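Protein chains in written order, with numbering that gives the first Met the number 0: chain L, 0 to 238; chain U, 0 to 238.
C-beta atoms are modelled at their ideal positions from N, C-alpha and C, and glycine is treated no differently.
Nothing here was measured: the structure is a model prediction, and the numbers come from that model.
There are 2 protein chains.
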Amino acid sequence: MTLAIPRLKSCEDCPIRYNAVCSKCDRDELDELEAIKYYRSFSAGQTIFFAGDPLEFVGSIVFGVASLTRTMPDGRVQMVGLLLPSDFLGRPHRETIETDVVAETDVMLCCFRRKPFEGMIEQTPHVGQRLLEMTLDELDAAREWMLVLGRKTAREKIASLLHMIATRMAALEPGDGVGANFTLPITRETMANYLGLTIETVSRQMSALKKEGLIAFEDRRDITVPDLDALKAETGEED
Amino acid sequence: MTLAIPRLKSCEDCPIRYNAVCSKCDRDELDELEAIKYYRSFSAGQTIFFAGDPLEFVGSIVFGVASLTRTMPDGRVQMVGLLLPSDFLGRPHRETIETDVVAETDVMLCCFRRKPFEGMIEQTPHVGQRLLEMTLDELDAAREWMLVLGRKTAREKIASLLHMIATRMAALEPGDGVGANFTLPITRETMANYLGLTIETVSRQMSALKKEGLIAFEDRRDITVPDLDALKAETGEED
DNA sequence: CGATTCATTGATGTCGGTCAAGCTTAGTGG
DNA sequence: CCACTAAGCTTGACCGACATCAATGAATCG
Numbered sequence: 000m001t002l003a004i005p006r007l008k009s010c011e012d013c014p015i016r017y018n019a020v021c022s023k024c025d026r027d028e029l030d031e032l033e034a035i036k037y038y039r040s041f042s043a044g045q046t047i048f049f050a051g052d053p054l055e056f057v058g059s060i061v062f063g064v065a066s067l068t069r070t071m072p073d074g075r076v077q078m079v080g081l082l083l084p085s086d087f088l089g090r091p092h093r094e095t096i097e098t099d100v101v102a103e104t105d106v107m108l109c110c111f112r113r114k115p116f117e118g119m120i121e122q123t124p125h126v127g128q129r130l131l132e133m134t135l136d137e138l139d140a141a142r143e144w145m146l147v148l149g150r151k152t153a154r155e156k157i158a159s160l161l162h163m164i165a166t167r168m169a170a171l172e173p174g175d176g177v178g179a180n181f182t183l184p185i186t187r188e189t190m191a192n193y194l195g196l197t198i199e200t201v202s203r204q205m206s207a208l209k210k211e212g213l214i215a216f217e218d219r220r221d222i223t224v225p226d227l228d229a230l231k232a233e234t235g236e237e238d
Numbered sequence: 000m001t002l003a004i005p006r007l008k009s010c011e012d013c014p015i016r017y018n019a020v021c022s023k024c025d026r027d028e029l030d031e032l033e034a035i036k037y038y039r040s041f042s043a044g045q046t047i048f049f050a051g052d053p054l055e056f057v058g059s060i061v062f063g064v065a066s067l068t069r070t071m072p073d074g075r076v077q078m079v080g081l082l083l084p085s086d087f088l089g090r091p092h093r094e095t096i097e098t099d100v101v102a103e104t105d106v107m108l109c110c111f112r113r114k115p116f117e118g119m120i121e122q123t124p125h126v127g128q129r130l131l132e133m134t135l136d137e138l139d140a141a142r143e144w145m146l147v148l149g150r151k152t153a154r155e156k157i158a159s160l161l162h163m164i165a166t167r168m169a170a171l172e173p174g175d176g177v178g179a180n181f182t183l184p185i186t187r188e189t190m191a192n193y194l195g196l197t198i199e200t201v202s203r204q205m206s207a208l209k210k211e212g213l214i215a216f217e218d219r220r221d222i223t224v225p226d227l228d229a230l231k232a233e234t235g236e237e238d
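Put into structure tokens, the structure is as follows:
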């Protein structure tokens, strides 16, 4: 598969200019970043990093979706993060990465070699500050997800995932505010790995939600949520 | 209950001077921090913050153990973080806190009012840099925990928790490197809330591990692990 | 048009939850 | 000092939600 890489002439044209790790940078700082950045593309299914790999670059998701997963020696898999456009990939000050990183769709990354980027964290305050904000947000999201994994039923887990994706997708391209339409960027297996379930349970709960009219889909990937609040009520987090 | 608050004359005497958010600060930066810091103590069982409270201060655990928990409307509880000495409490740039924070043991905090502290993050680079490191470490830990919650059996969960506590406690006061002795800072109920289990299951698995000699305890709180590697083997993360 | 991957659905099994009873320990007051 | 209480823990009996095993269907691709 070949990937059309949009030619981004400069950071000013970049779709994630005002959300990514560079969003607080002024003109000068951006020039510095621009000097060390390069783009890389991955097609759906490709592994970007294997757990244990030396972490040669960090960067931002420009478009596409990537997942972070951990695998146990006996093969059990748990997804521990889902990276959408503008999310940051990698861990400054660490020599290796401890999760697999997989492109769930075609992905384009804006990469920085790790060492020079670490230098920039020390020297250009706005990079470090933004990265701190983003990391704190991700920590909040991870803790939210711990509640999902530890205490929710299969049905609530599915509803939570669908609601989260619908909400995050909607933030990228807003709809009418009541319902939502989106293309699931992940397979049933990936959903199962995210939710700590089996694919059979995911399938059954999707069918149940469909039968009850909370979601609709024909081809398993294009999901319609007629009423986001009704779906939210199934997540177990409403009063 | 009254709490003996050790009089810490200055940061130089502080037990967490070289681990906490202040650890990279030089003399001048430390003076600035010292000007806005104050100590607060909480006795075991006290709630430090309720979810939704305005976040007036942030700070470091000087001694003791605190937990972060989320509660669902119907009462289900999931612990999402365990703070040991030197860990950071609070979220800069957020007006409210979204988890309950409870002192599991007597706790002493080194507090900074949030607003001035946020100013310091912008102006004294070593505070922000250290906080970024610590937040990235916490994110790694949260992701590790997602694997525990999503994919491990009850037995593996218990072994993982005991191994984690034993290891972290040992780092604070090292033993012989093979076994470990420690006082569980949390009740069975808190363990259950951390692991996404019920207290009955925790109790059963503790009894099972005890019967098999992997752990030993008389009074439910003082745990002996004769062989940390043997316990590790029960976590499911060994080859 | 097979071959392959992904998803759905059904039948059965099991791990951990629920319900319930009893035990241990610590604290309180007579 | 001992009775009384309450909180925390343990253990057993039973049950149900989700996993496992298995068969079939739908979509994609060479």
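Counted within 10 angstroms of its Cβ, other Cβ atoms place Thr-152 (chain L) as buried (16 or more) or exposed: Position 153 of the first sequence holds residue 152 (chain L). With fewer than 16 other Cβ atoms from the protein chains shown falling within 10 Å of its own Cβ, Thr-152 (chain L) counts as exposed.
Helix, strand or coil: which one does DSSP assign to Arg-154 (chain U)? Here residue 154 (chain U) refers to the residue found at position 155 of the second sequence. DSSP places Arg-154 (chain U) in helix when its eight states are reduced to three.
I want to see whether chain L comes within less than 8 Å of Ala-153 (chain U), judged by CB atoms only; does it? Here the question's residue 153 (chain U) lines up with position 154 in the second sequence. Closer than 8 Å: no.
Let me confirm a value: Asp-86 (chain U) is counted as buried when at least 16 other C-beta atoms fall within 10 Å, else exposed. Which label applies? Locating residue 86 (chain U) in the second sequence gives position 87, counting from the first residue. Around the beta carbon of Asp-86 (chain U), a 10 Å sphere encloses 16 or more other beta carbons of the protein chains shown; the residue is thus reported as buried.
In chain L, what lies closer than 8 Å to Pro-72 (chain U) by C-beta? The residue you call residue 72 (chain U) lines up with position 73 of the second sequence. Under the 8 Å cutoff, chain L gives Gly-235, Glu-236, Glu-237 and Asp-238.
On the CB-based measure, 16 or more other CB atoms within 10 Å of its CB, does Gln-128 (chain U) come out buried or exposed? Mapped onto the second sequence, residue 128 (chain U) falls at position 129. Per the 10 Å Cβ criterion, buried.
I want to see whether chain L comes within less than 8 Å of Ala-229 (chain U), judged by CB atoms only; does it? Here residue 229 (chain U) corresponds to residue number 230 of the second sequence, with the count starting at 1. Chain L contact via Cβ: absent.
What are the residues that DSSP puts in a beta bridge with Ser-85 (chain U)? To locate residue 85 (chain U), count along the second sequence from 1; it is residue 86. Paired residue(s): none; Ser-85 (chain U) is not in a bridge.
On the three-state DSSP scale, how would you describe Gly-58 (chain U)? Indexing the second sequence from 1 puts residue 58 (chain U) at position 59. The answer is strand: DSSP assigns Gly-58 (chain U) an E or B state.
Please confirm whether Thr-1 (chain U) has its beta-carbon closer than 8 Å to some beta-carbon of chain L. Counted from its first residue, the second sequence places residue 1 (chain U) at position 2. Note that Thr-1 (chain U) scores 40 on pLDDT, short of 50, meaning its location in the model is unreliable and no value can be drawn from it.
Can a CB atom of chain L be found closer than 8 Å to the CB of Gly-58 (chain U)? Working through the second sequence from its first residue, we reach residue 58 (chain U) at position 59. No - not a single Cβ of chain L is within 8 Å of the one on Gly-58 (chain U).
Start-end ranges of the beta strand (DSSP E) lying completely within the segment 119 to 187 of chain U, minimum 3 residues: Entirely contained in the segment 119 to 187 of chain U, the beta strand (DSSP E) runs reaching 3 residues are, in chain order, 179 to 182.
Hey, does Leu-29 (chain L) have any beta-carbon neighbour from chain U nearer than 8 Å? As a first step, residue 29 (chain L) must be located in the first sequence, where it is residue number 30. No, because no Cβ of chain U sits closer than 8 Å to the Cβ of Leu-29 (chain L).
So, for Val-126 (chain L): in the same chain, excluding its five sequence neighbours on each side, which residues have a beta-carbon less than 6 Å away from its beta-carbon? Position 127 of the first sequence, counted from the start, is the residue given in the question as residue 126 (chain L). Met-119 and Ile-120, listed in sequence order.
Residues sharing a beta bridge with Ile-222 (chain L), DSSP: The sequence position of residue 222 (chain L) within the first sequence is 223, counting from 1. Ile-222 (chain L) pairs with L:Phe-181.
Nearest neighbour of Ala-140 (chain U), chosen from U:Glu-237, U:Asp-52, U:Leu-82 and U:Asp-228 [CA to CA]: If you number the second sequence from 1, residue 140 (chain U) lands on position 141. Of the candidates U:Glu-237, U:Asp-52, U:Leu-82 and U:Asp-228, the residue whose Cα lies closest to the Cα of Ala-140 (chain U) is U:Leu-82.
Contact set for Thr-1 (chain U): own chain, Cβ-Cβ below 7 Å, skip 5 residues either direction: Here residue 1 (chain U) refers to the residue found at position 2 of the second sequence. Because the pLDDT at Thr-1 (chain U) is just 40, under 50, the model does not fix this residue reliably, and the point stays unresolved.
Please list, in chain order, the residues of the segment 95 to 129 of chain U that have any C-beta partner in chain L closer than 8 Å. Of all residues in the segment 95 to 129 of chain U, the ones placed with a Cβ closer than 8 Å to any Cβ belonging to chain L are Glu-97, Thr-98, Ile-120, Glu-121, Pro-124, Gly-127 and Gln-128, in chain order.
Does Arg-167 (chain U) have its Cβ less than 8 Å from a Cβ in chain L? Taking the second sequence and counting its residues from 1, the one referred to as residue 167 (chain U) is at position 168. Answer no: the Cβ-Cβ gap between Arg-167 (chain U) and chain L never drops below 8 Å.
Of all Cβ atoms in chain U, is any one closer than 8 Å to the Cβ of Arg-69 (chain L)? Here residue 69 (chain L) is taken as the residue at index 70 of the first sequence, counted from 1. Chain U places a beta carbon closer than 8 Å to that of Arg-69 (chain L), counting this residue as a contact.
Would you call Tyr-37 (chain L) buried or exposed, if buried means 16 or more other Cβ atoms sit within 10 Å of its Cβ? Position 38 of the first sequence, counting from 1, holds the residue named residue 37 (chain L). By the 10 Å Cβ count, Tyr-37 (chain L) comes out exposed.
Any idea which residues DSSP pairs Leu-41 (chain U) with across the strands? Walking along the second sequence from the start, residue 41 (chain U) turns up at place 42. Note on residue identity: the sequence assigns Phe, not Leu, to residue 41 (chain U). For Phe-41 (chain U), which the question treats as bridged, DSSP gives the partners U:Val-106.
Element boundaries [beta strand (DSSP E), containing Ile-239 (chain U)]: The structure shown does not extend to residue 239 (chain U), since chain U is modelled only from 0 to 238, so the question has no answer here.
Does the structure place the segment 99 to 119 of chain L close enough to the segment 24 to 35 of chain L that three or more beta carbon pairs sit under 8 Å? A contact exists between the segment 24 to 35 of chain L and the segment 99 to 119 of chain L.
Start-to-end residues for the beta strand (DSSP E) that takes in Thr-68 (chain U): Within the second sequence, the letter at position 69 stands for residue 68 (chain U). Residues 65 to 70.
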